Amino acid sequence: NNFETRSYYANLHGQVLNWLPMDTKELFEHNLKRYRSTLEKYNWIDRDITYNFNAHGFRCKEFTDNPSIMFLGCSRTVGIGLPLESTWAHIVSENLNLQNVNLGLGGGSTDSSFRMCLSYIDKIKPKVICYLQPDRKSTL
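Per my numbering, the very first residue in the sequence shown carries number 32; after that it's consecutive.
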């Protein structure tokens, strides 16, 4: 495998962001007006969310040779709109005591997940691979 598929977020390496194109302040304010009770129920109103991306543009720590678990999927895998510790990738990796290799892509498809896996599997050599099928519809 002589190619490397890049993350959509590769240019964001080294930055700490509060918002992404799919998680804007305007969208949050819209949802706050429309779905306030749901946001309160899940304690999402007063939580700071930051996005940090590794050198490859993924929302996880830099890749190492430590035993790892690879996550593939869409914005739900990336954890757009969620603090890192609330993402399913983080929770599962912590519970299995494996390094979190989150290759999720916001707006990603089955094809893009497969390309990410194909591009990185030989470099990372994960013990486990998890894939979350992107939803065809999105609800709050």
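Note that CB positions come from ideal geometry on N, CA and C, so glycine has one too.
As the structure is a computational prediction, the values presented were derived from the model and not from experiment.
Determine the direct distance from the alpha carbon of L63 to that of G138, and round the result to whole angstroms.
Looking up residue 138 in the sequence shown gives position 107. Looking up residue 63 in the sequence shown gives position 32. Each residue's Cα considered, the two are about 22 Å apart.
Quick check: the stretch 50 to 65 against the stretch 102 to 118, are at least 3 beta-carbon pairs closer than 8 Å?
yes
Comparing C-alpha positions only, which one of R65, N126, Y82 sits nearest to N42?
Position 11 of the sequence shown, counted from the start, is the residue given in the question as residue 42. It is Y82 whose Cα lies nearest to the Cα of N42.
What are the start and end residues of each continuous alpha helix (DSSP H) run of 4 or more residues lying completely inside the stretch 99 to 132, in chain order?
106 to 109, 119 to 127
Which residue comes first and which comes last in the alpha helix (DSSP H) that contains Y151?
Against the sequence shown, residue 151 aligns to sequence position 120. Here the alpha helix (DSSP H) through Y151 covers 141 to 155.
In the DSSP assignment, find the alpha helix (DSSP H) that holds N62 and state where it starts and stops.
If you number the sequence shown from 1, residue 62 lands on position 31. It spans 56 to 65 - the alpha helix (DSSP H) in which N62 sits, taken as one unbroken run.
Considering only residues of the same chain and omitting the five flanking positions on each side of H61, which have a CB-CB separation below 8 Å?
The sequence position of residue 61 within the sequence shown is 30, counting from 1. So the list is empty, once near-sequence residues are dropped.
Is the beta carbon of S99 closer than 8 Å to that of Q130?
Stepping through the sequence shown from its first residue, residue 130 is reached at position 99. Stepping through the sequence shown from its first residue, residue 99 is reached at position 68. Yes, these two residues count as a Cβ contact at 8 Å.
Which value, in whole angstroms, describes the spacing of the CA atoms of Q46 and S68?
As a first step, residue 46 must be located in the sequence shown, where it is residue number 15. As a first step, residue 68 must be located in the sequence shown, where it is residue number 37. Rounded to the nearest angstrom, the two C-alpha atoms are 32 Å apart.
Which two residues bound the contiguous beta strand (DSSP E) that contains I160?
Within the sequence shown, numbered from 1, the residue matching residue 160 stands at position 129. From DSSP, the beta strand (DSSP E) with I160 extends over 159 to 162.
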